[in-house]
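There are 2 protein chains.
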Amino acid sequence: MNQEYPSTLLERAVKEFTKLPGIGRKTATRLVLHLLRKKEEEVEGFSNAIITLKKEAKYCKVCHSISDTDICPICSNPMRDQSIVCVVENIQDVMAVENTMQYRGVYHVLGGVISPMDGVSPSDLNIATLVERVSTGEIKEVILALSSTMEGDTTNFYIYRKLSQTGVKLSVIARGIAIGDELEYADEVTLGSSIVNRMPFTGKSVI
Amino acid sequence: MNQEYPSTLLERAVKEFTKLPGIGRKTATRLVLHLLRKKEEEVEGFSNAIITLKKEAKYCKVCHSISDTDICPICSNPMRDQSIVCVVENIQDVMAVENTMQYRGVYHVLGGVISPMDGVSPSDLNIATLVERVSTGEIKEVILALSSTMEGDTTNFYIYRKLSQTGVKLSVIARGIAIGDELEYADEVTLGSSIVNRMPFTGKSVI
């Protein structure tokens, strides 16, 4: 739609929605007109939930994940192994790993990855506090779980250099053929890497 | 994601987003966390644009489309043919017809279609004001441009009965094979209807 909107208020609301990732002008118009049909209390509920989150959200003082308390439920949980730290980019990644139900350690949220192109340098990320956590000597293993991209690799290497003197065990999540994928459709780099980094076969099915 | 959110504020905001059409839990989380990374002023801008629209939006007293003024720019435009009224379901449809640049008349926004299943009866729609507009005698033609669904057809027929005594010319937008579509992929009902309602060929290309 390249047409002018019949109302400037409508246009302003649509413009705000198009700033969100993956929302174009057409979808934004549909969402805004949907809200416009709702009762005023409902629209206020929507609007307030977002601004309240922004104003009142706290971040865990240990792992930097979002939390209602100073220390998040994962960091303060005595059932979690506090000696294993999984380093992730953002809060979504914490939720993604939690959903696997395969991890009983704790996290460290970097807040992004090193990306000179986007102006993100190591000092913009929560790397100093990670080094601090490790330097207490209470952490046995750091698992790097960043994206499999150039930026993720750069960040992995930067953290590796920062922590290599501490003697902490550093590991990286396995890369390979996704479960359920057929070999012929896998990209060459992943397939090559999955052969080089082959694992002992335990006779157990993974599917 | 069926996991609990690390923050109730986050969960509340995500829940509000999932109420929007076509937004699931995963997309909602992505949108909310995107907003959370923005500056407080920007989030306020987003939040305010929506609530301001809801609180201050006016509707044109003539055609019921959204407007910043009592009479919308289309209804008050002397260049538009005020004697032809195009009846549409909602504001999006006004914008869609406007985008075609093919229509120089005015509109009447019903606010939906008759749908007993969804509890929408004729009295919930702006039909009385349409009858009123026509009864002034200043309207020559009413074009029905509703969805090609059972509900749209029911609404067309209801309006037809309401207006048949007034002597106004009633027309309905053409239904047929969409421009650019191949016959073999068209559904049978549309194809059959396009043969029954064939038009004189003028020798002019429509593409």
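In order, the protein sequences belong to chains A and B.
So for the first sequence, the working numbering puts the first residue at -8; every next one is plus one.
So for the second sequence, the working numbering puts the first residue at -8; every next one is plus one.
All C-beta atoms, glycine included, are put in the ideal place defined by N, C-alpha and C.
Per DSSP, cross-strand counterpart(s) of residue i
{"i": "A/D72", "result": "A/G96"}
{"i": "B/N104", "result": "At residue 104 of chain B the sequence reads Val, which differs from the Asn that was named. Beta-bridge pairing links B/V104 to no other residue."}
{"i": "A/V237", "result": "Residue 237 of chain A cannot be examined here, being either before or after the span of chain A that is shown, -8 to 198."}
Secondary structure of residue i, DSSP reduced to three states
{"i": "B/Y50", "result": "strand"}
{"i": "A/T193", "result": "coil"}
{"i": "A/I65", "result": "coil"}
{"i": "A/S114", "result": "helix"}
{"i": "A/I14", "result": "coil"}
{"i": "B/E32", "result": "helix"}
{"i": "B/Y176", "result": "helix"}
{"i": "A/N(-7)", "result": "Unreliable positioning characterises A/N(-7) in this predicted model, as indicated by a pLDDT of 46, which lies under 50. A coordinate reading is not provided."}
Span of the alpha helix (DSSP H) around residue i
{"i": "B/G183", "result": "179 to 187"}
{"i": "B/T60", "result": "That residue, B/T60, is in no alpha helix (DSSP H); it is neither H nor E in DSSP."}
{"i": "B/R3", "result": "-1 to 9"}
{"i": "A/E89", "result": "82 to 91"}
Integer Cβ distance of residue i from residue j, believed to fall under 8 Å
{"i": "B/V125", "j": "B/T157", "result": "5 Å"}
{"i": "B/V133", "j": "B/V76", "result": "5 Å"}
{"i": "B/A48", "j": "A/L27", "result": "6 Å"}
{"i": "A/L44", "j": "B/L0", "result": "5 Å"}
{"i": "A/R71", "j": "A/G96", "result": "6 Å"}
{"i": "A/K160", "j": "B/E31", "result": "Not confirmed; about 40 Å, so no contact."}
{"i": "B/S38", "j": "A/I41", "result": "5 Å"}
{"i": "B/K98", "j": "B/I65", "result": "Inspection of the sequence shows that residue 98 of chain B is occupied by Tyr rather than by Lys. Correct: roughly 6 Å between the Cβ atoms."}
{"i": "B/T20", "j": "B/V34", "result": "Not really, about 16 Å apart at Cβ, beyond 8 Å."}
{"i": "A/T181", "j": "A/I168", "result": "7 Å"}
{"i": "B/V78", "j": "A/P(-3)", "result": "Not really, about 17 Å apart at Cβ, beyond 8 Å."}
{"i": "A/S138", "j": "A/R166", "result": "So it is not a contact: roughly 11 Å between Cβ atoms."}
{"i": "A/I203", "j": "A/E142", "result": "The question about residue 203 of chain A has no answer, for chain A in this structure spans -8 to 198."}
Proximity test, residue i beta-carbon vs the ligand NAD heavy atom, cut-off 7 Å
{"i": "A/I105", "result": "The ligand NAD is not part of this structure, which contains no ligands at all."}
Counting only runs of 4+ residues fully inside the region 124 to 170 of chain B, write out the alpha helix (DSSP H) ranges in chain order.
Listed in chain order, they are 141 to 154.
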